[in-house]
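K.L.:
Per this note's numbering, the sequence shown starts with residue 478, numbered consecutively. Beta carbons: idealized from backbone N, C-alpha and C, even for Gly. Remember, predicted model here, so these are calculated numbers, not experimental data. Once you've had a glance at the structure underneath, I'll fire off some questions.
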Amino acid sequence: MKLSLVIPCYNEEKNVSLFYEAVKKDFSAVNFDYELVFVNDGSRDGTFKELKKICNSDLPVKIVNFSRNFGKESAMYAGLREAEGEYVTIIDADLQQRPSIALDMVNTLDNEPEYDCVAAYQDTRNESKALIFFKNCFYKLINKFSDTEFTQGASDFRTFRRPMVDAILSMDEYFRFSKGLFSWVGFKTKFIPYTADERATGESKWSFTKLFRYAMDGIFAFSTTPLRISTIIGLVTALLSIIYLFVVVIQKLAFGINVEGYATIVVLILLLGGIQLCCIGIIGEYIARTYIQTKNRPIYIAKEVIKNHKYK
Ligand code: UDP
Ligand code: MG
């Protein structure tokens, strides 16, 4: 098998058959074997039913059916695990990412053996100014905080060679932030620009709060700089308070000034309390992640894995 297309699907009942048709059309001229690995991420609509219809295809089709919604990160991991191809492409089910681009990626890997991965990044985005601003801030922040490199705008729409897939699978951590994992494993990635199309049908599953949480996950998973920042804030506050202590003592002893204290004390207590709670929160984020990771729960639970008649 030369290529596996891994397609995470969550509530995409209207899109999966459109996606399948698009792949068949764009791949009609190819002369290599490829399979479709759909991951049904606990969809609440008729996605699973639609996927089973696709199983009648004359192409090899696999469905990994999750027991509930585990999120796109888990779906991608499951898809990579089930993929048998020499190359593996991760592509969305909503047709925002054209299958023909996946074909370009395969050609690139064929013609440029020095690359292990081809990743698409969005050069122009049809997003609100505020969202673009926050995304820019996130990439600036995480690249400052982390030794792992995060390429701005890089999507999960990628094609890997097998050794890179195996490297990604060898990292079975629970809190998965794939953009970081893809970069952490190393290998050579070629970035190609693309413009995302409109969603075929349905709505994006990303709300602003979800994106914010995802961004935080990325920072906590790939950097311990927040811990260092809290140490630095603690040191700076301690230093300032020592300086202030000298000022107050000198004022009292040398000039006999009685420093009016009430407002200062209230402000300082609140400020220090706030800083302390914030630092405890940061430590808590790491401890909570360690706690959950130590349970060693699986990244996903599949109810069943269905393979169609094209597999032996
Ligand atoms: N997806 C998934 N599980 C989720 C959310 C999304 O498998 O919990 C899939 C979804 O079906 C789609 C892809 O991930 O194929 C990208 O999702 P979406 O289109 O909502 O994200 P966007 O394109 O807006 O970034
Ligand atoms: Mg989408």
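#1: Leaving out five residues on either side along the sequence, give the residues of the same chain with a beta carbon under 6 Å from the beta carbon of GLU490.
#2: Is it buried or exposed for THR741, if we count other Cβ within 10 angstroms and need 16 for buried?
#3: Could you tell me whether any non-hydrogen atom of ligand 1 is closer than 7 Å to the CB of GLN573?
#4: Going by C-alpha distance, which of ALA673, SER577, LEU608 and GLY733 is nearest ALA506?
#5: Apart from the five residues on each side of it in sequence, which residues of its chain come closer than 6 Å, Cβ to Cβ, to ALA795?
#6: Threshold first: 4 residues or longer. Then list the alpha helix (DSSP H) segments lying entirely within the stretch 607-649, N to C.
#7: Using CA atoms only, rank isn't needed, just tell me which of LEU745, LYS539, ARG774 and GLN753 is closest to LEU722.
#8: Within the same chain, show all residues whose beta-carbon is closer than 8 Å to that of ARG558, passing over the 5 residues directly before and after it, in chain order.
#9: What first and last residue would you give for the alpha helix (DSSP H) that runs through ASN584?
#10: Ligand 1 and GLY711: does the residue's C-beta get closer than 7 Å to at least one heavy atom of that ligand?
#11: With a CB to CB cut of under 8 Å and the five nearest residues on each side skipped, what residues in its chain are close to ASN620?
#12: With a threshold of 8 Å, are at least 3 pairs of Cβ atoms found where one atom belongs to the stretch 573-588 and the other to the stretch 542-550?
#13: Does the structure place the stretch 700-709 close enough to the stretch 606-622 that three or more beta carbon pairs sit under 8 Å?
#14: Per DSSP, which residues does VAL514 bridge with? Please list them.
#15: Can you tell me whether ILE778 is buried or exposed? The criterion is at least 16 other CB atoms within 10 Å of its CB, across all chains shown.
P.N.:
On the basis of the data shown:
#1: ASP522, GLY523, THR524 and GLU527
#2: exposed
#3: yes
#4: SER577
#5: This structure cannot settle anything about residue 795, because the visible part of the chain is limited to 478 through 789.
#6: 639-646
#7: LEU745
#8: LEU646
#9: 576-588
#10: no
#11: GLU626 and PHE627
#12: no
#13: yes
#14: VAL483 and LYS539
#15: exposed
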